[in-house]
Ligand code: XIL
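In this note's numbering, the protein residues as written are 16 to 386.
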């Protein structure tokens with residue numbers, strides 16, 4: 016009797032569990048679930064996000080991205096404001112945030128002419144320092160920062176924006192004082208500080224032929240000297256009418272030809288008209304309005320063009336995913352984007368993958384649906 020009861024109980028149990036075995040609900044696709052086998056999918060975070068105060072954005076970052084880069088807090092003026100003072104508070108918070116969430120943490124950036132602390136290249140009288148002094152300062156800066164995050168930051172933008180569109184060197188203070196040598200030196204110091212860290216050269220307008228050729232030469236020369244260069248970062252600040260996709264693709268192929276990987280490091284697409292820098296932008300109210308045409312919302316026709324072109328870029332990245340190791344968006348939602356203030360302040364732009372309400376843009380929705 017006892018065993019009969021047991022048998023019934025077992026049978027009833029298996030019938031019930033058979034009924035409960037509904038097909039397992041497919042997990043909601045995310046950018047990292049869809050793209051994760053192709054390349055890292057990253058995002059630049061600001062300090063409100065890395066400190067988790069901006070909870071809406073943080074939800075998106077955790078859900079969709081598997082890599083983060085610091086939008087500002089590792090730049091020289093913030094992390095090393097005075098010769099004998101480093102301020103690691105925000106950078107520590109950023110690295111902890113990425114690490115805690117199992118993301119590949121990217122460091123941006125070690126040597127850059129912009130957002131450079133004013134003391135860096137001059138003495139106390141404001142005169143340029145000697146080559147020896149600048150080398151020593153670069154070495155201290157790079158060694159201190161890279162060593163602090165050794166083994167925690169996966170890769171560094173070692174030098175940012177050193178080459179012009181025509182292929183010439185930017186006449187930055189680093190170049191004026193040290194000549195071309197400042198770039199290989201920076202890579203050498205970074206490698207000495209963390210031999211396991213990946214090292215990148217990063218720049219904008221990388222579709223431009225002159226810049227493309229010069230960067231290929233730069234990276235080949237550094238590799239020939241035995242220096243480590245893991246990837247070439249194409250920032251990817253693009254617009255509705257620039258660059259030509261075919262030129263962008265030529266650069267992906269040319270950069271991969273050096274043997275380094277390619278990364279799209281700062282992807283965004285402005286939906287606004289290009290600014291003619293030679294025009295006097297304070298001219299007339301009408302002119303200002305023309306520069307900021309969508310203060311309320313992006314018209315459907317423009318949104319469609321924007322989404323179609325973003326999809327074209329994403330498809331290009333996927334096509335070259337054998338050589339592209341990371342695609343990183345330069346900000347979480349449209350409201351966060353630097354493009355609202357650049358190159359003209361006070362505009363409303365729509366450049367990122369998520370809108371101001373933290374909703375995915377149509378091309379993102381399609382990408383998630385297709386996969
Ligand atoms: C931008 C940040 O997004 C802004 O918040 C800041 O005010 C200026 O710098 N190229 C780079 C990035 O390498 O560091 C820049 O980031 C955008 C252009």
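Glycine is no exception: its CB is placed at the ideal position from the N, C-alpha and C atoms.
Note that the structure is predicted; figures quoted are calculated from it, not measured.
The C-alpha of residue 84 is placed about 12 Å away from the C-alpha of residue 55. Counting the other Cβ atoms within 10 Å of the Cβ of residue 374 gives fewer than 16, which makes it exposed. Within the same chain, Cβ atoms closer than 6 Å to the Cβ of residue 50 are found at 56, the five residues on either side in sequence being excluded.
Scanning its chain for C-beta atoms nearer than 6 Å, with the 5 sequence neighbours on each side dropped, one finds around residue 112 the residues 65, in chain order. Below 8 Å, too few C-beta pairs join the region 343 to 363 and the region 256 to 273 to call them touching: fewer than three. With fewer than 16 other beta carbons inside 10 angstroms of its own, residue 142 counts as exposed.
Sequence-distant Cβ neighbours of residue 350 in its own chain, meaning closer than 7 Å and more than five residues away, are 371.
Excluding the 5 residues flanking it on each side, residue 205 has same chain C-beta neighbours closer than 8 Å at 125, 157, 161, 171, 173, 212, 214, in chain order. DSSP places residue 343 inside the beta strand (DSSP E), whose first and last residues are 339 to 344. At a threshold of 8 Å, residue 223 does not count as near the ligand XIL, since its beta carbon sits no closer than that to any of the ligand's heavy atoms. When the five nearest sequence neighbours on each side are left out, the beta carbons in the same chain lying within less than 7 Å of the beta carbon of residue 146 are those of 192, 193, in order along the chain.
For residue 206, the shortest separation between its Cβ and any heavy atom of the ligand XIL does not lie below 8 Å. DSSP, reduced to helix, strand and coil, places residue 124 within a strand of the structure shown. If you check the C-beta of residue 87 against the ligand XIL, you find a heavy atom less than 8 Å away. With a cut-off of 8 Å on Cβ pairs, the region 251 to 266 is in contact with the region 325 to 345, counting three or more such pairs.
Looking at the backbone, the Cα of residue 202 and that of residue 189 are separated by about 14 Å. A residue is called buried when at least 16 other Cβ atoms come within 10 angstroms of its Cβ; residue 369 meets this threshold and is buried. Per DSSP, reduced to three states, the secondary structure at residue 215 is strand. Between the region 91 to 102 and the region 64 to 78 there are fewer than three inter-stretch CB-CB distances shorter than 8 Å, so the stretches are not counted as touching.
Residue 134: not part of any alpha helix (DSSP H); DSSP gives it neither H nor E.
In the displayed model, residue 112 falls within a helix according to three-state DSSP.
DSSP links residue 100 through a beta bridge to 97. Inter-segment contact for the region 334 to 349 and the region 219 to 229 is absent: fewer than three beta-carbon pairs are separated by less than 8 Å.
One thing to note: residue 367 has its Cβ within 9 Å of the Cβ of residue 346. Residue burial is scored here from C-beta neighbours: residue 81 has at least 16 other C-beta atoms within 10 angstroms and is therefore classed as buried.
Straight through space, the alpha carbons of residue 290 and residue 377 are spaced by roughly 26 Å. For residue 172, there is no enclosing alpha helix (DSSP H); the residue is part of the beta strand (DSSP E) that begins and ends at 170 to 175.
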